[in-house]
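Trainee:
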Amino acid sequence: MPLTTSSHPVDLSGKNAIVTGASRGIGAAVSVALAQAGARVVLVGRVKETLEEVARGLPNDPVVVVADLGDPEAPRAIFEQAKDVVGTIDVLVNNAGGGDAAGPANTLTAGQADALWALNLRGPVLLGGLVAADMAANGGGSVVSISSGLSLQGMAGVSLYSAVKGGLEAANRSLAVEWGAAGVRFNVVSPGITRTTLGSWIADDEQVQRKYLEKVPLDRIGEPEDVAAAVLFLSSPASAYVTGQALAVDGGWGTTAPSPFPAA
Ligand SMILES: NC(=O)c1ccc[n+]([C@@H]2O[C@H](COP(=O)([O-])OP(=O)(O)OC[C@H]3O[C@@H](n4cnc5c(N)ncnc54)[C@H](OP(=O)(O)O)[C@@H]3O)[C@@H](O)[C@H]2O)c1
Numbered sequence: 001m002p003l004t005t006s007s008h009p010v011d012l013s014g015k016n017a018i019v020t021g022a023s024r025g026i027g028a029a030v031s032v033a034l035a036q037a038g039a040r041v042v043l044v045g046r047v048k049e050t051l052e053e054v055a056r057g058l059p060n061d062p063v064v065v066v067a068d069l070g071d072p073e074a075p076r077a078i079f080e081q082a083k084d085v086v087g088t089i090d091v092l093v094n095n096a097g098g099g100d101a102a103g104p105a106n107t108l109t110a111g112q113a114d115a116l117w118a119l120n121l122r123g124p125v126l127l128g129g130l131v132a133a134d135m136a137a138n139g140g141g142s143v144v145s146i147s148s149g150l151s152l153q154g155m156a157g158v159s160l161y162s163a164v165k166g167g168l169e170a171a172n173r174s175l176a177v178e179w180g181a182a183g184v185r186f187n188v189v190s191p192g193i194t195r196t197t198l199g200s201w202i203a204d205d206e207q208v209q210r211k212y213l214e215k216v217p218l219d220r221i222g223e224p225e226d227v228a229a230a231v232l233f234l235s236s237p238a239s240a241y242v243t244g245q246a247l248a249v250d251g252g253w254g255t256t257a258p259s260p261f262p263a264a
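Mapping the sequence shown onto my numbering, position 185 (from 1) lands on 185, and the numbers just tick up by one.
(1) Does the beta-carbon of residue 89, which I'm using as the reference point, lie nearer than 7 Å to any heavy atom of ligand 1?
(2) What is the rounded straight-line gap between the Cα of residue 164 and the Cα of residue 242?
(3) Which residues bound the alpha helix (DSSP H) around residue 50?
(4) Kindly indicate the opening and closing residues of the beta strand (DSSP E) around residue 17.
(5) With DSSP as the reference, label residue 233 as helix, strand or coil.
(6) Could I get the ranges of all uninterrupted beta strand (DSSP E) runs contained in the segment 110-173, with 3 residues as the minimum, in chain order?
(7) Taking C-alpha atoms, which residue in 222, 18, 216, 175 lies nearest to residue 80?
(8) Measuring CB atoms only, is the segment 190-204 touching the segment 24-40, in the sense that at least three cross pairs come out at less than 8 Å?
(9) DSSP state of residue 180, grouped into three classes?
(10) Taking Cβ positions, are residue 247 and residue 234 nearer each other than 8 Å?
(11) Assign residue 194 to one of three DSSP states: helix, strand, or coil.
(12) Going by C-alpha to C-alpha distance, which of 59, 261, 42 sits closest to residue 95?
(13) Pull up the distance between the alpha-carbon of residue 104 and that of residue 158, whole angstroms please.
(14) Alpha carbon to alpha carbon, what distance is there between residue 252 and residue 260?
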């Protein structure tokens, strides 16, 4: 199967893609990458103005859908609004995530736990299911969800966040099995610390960053475009035989253990 049909290394022309959390950071970079590869992108977030700002820089007549994934009705509303405008959906990127629940577990509240679960796990699974059923009826598609390296590594102060991201990866494996025969692939990209609003607590603090980079063989913080490149691969026919996987884009952070030996 040819991987390219145009001058772009990945050709998504004629395809439609939904990207949640598209107003900034990783979601904005993913939207740019998919649009540059030819896709028409439906940008989802809570603030119309910031979504429109990203949309203005994209080719292929992008669409803006305002929704709060903390709302139980949001997955269906996003799916229906996107369908109404673009018709067929070929790619879904469940990127919106994060939330406000850092700190030792004895300081966390049930409200924080519920909000984190809704945004990072309930929303992506329900939206993924609605989109997958539709993709199945149209010959298939690809769903990529953004997890975190913290799904596999323990870190003090992030118990709820690591739990919902670990749950997202577990759900991804089951969804891949559930929809594989219908031609719908489910994969995850797990970023390490990436230079966005969410990653700024490390990326913008030189001392904390130096400590973090001791465990990163590629010796730099990730850029949103690093994550977008992996999402582009998993969204495209270049990954046609890949499903149920989690791809770390973390400079090697997740593979590193302390060693008495010097690196090369
Ligand atoms: N940056 C990192 O270091 C890092 C590391 C590992 C994993 N990740 C994951 O990567 C993904 C993207 O993170 P990022 O770093 O790009 O974060 P970010 O810069 O904070 O962007 C988050 C995006 O999600 C949207 N969003 C937040 N809450 C939402 C809600 N309730 N409903 C709809 N949209 C919502 C935001 O838009 P509005 O606020 O305008 O709604 C924004 O577009 C997340 O899933 C995060 O967990 C990030």
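Here a beta-carbon is modelled for each residue, glycine too, at the ideal position from N, C-alpha and C. If you're wondering where the values come from, they're calculated on a predicted model, not measured in any experiment.
Mentor: Looking at the atomic coordinates:
(1) No, since every heavy atom of ligand 1 falls outside the 7 Å radius drawn around the Cβ of residue 89.
(2) Within the model, the alpha-carbon separation for residue 164 versus residue 242 is close to 23 Å.
(3) For residue 50, the enclosing alpha helix (DSSP H) begins and ends at 48-56.
(4) For residue 17, the enclosing beta strand (DSSP E) stretches over residues 16-20.
(5) Note: residue 233 maps to helix in three-state DSSP.
(6) Segments of the beta strand (DSSP E) lying fully in the segment 110-173: 141-146.
(7) The alpha carbon of residue 80 has as its nearest neighbour, out of 222, 18, 216, 175, the alpha carbon of 18.
(8) They touch, by the three-pair rule.
(9) It is helical.
(10) In contact: residue 247 and residue 234 (Cβ atoms closer than 8 Å).
(11) Strand, per DSSP.
(12) The residue with the shortest Cα to Cα distance from residue 95 is 42.
(13) Cα to Cα, the separation comes out at about 8 Å.
(14) Straight-line spacing of the CA atoms in residue 260 and residue 252 works out to 18 Å.
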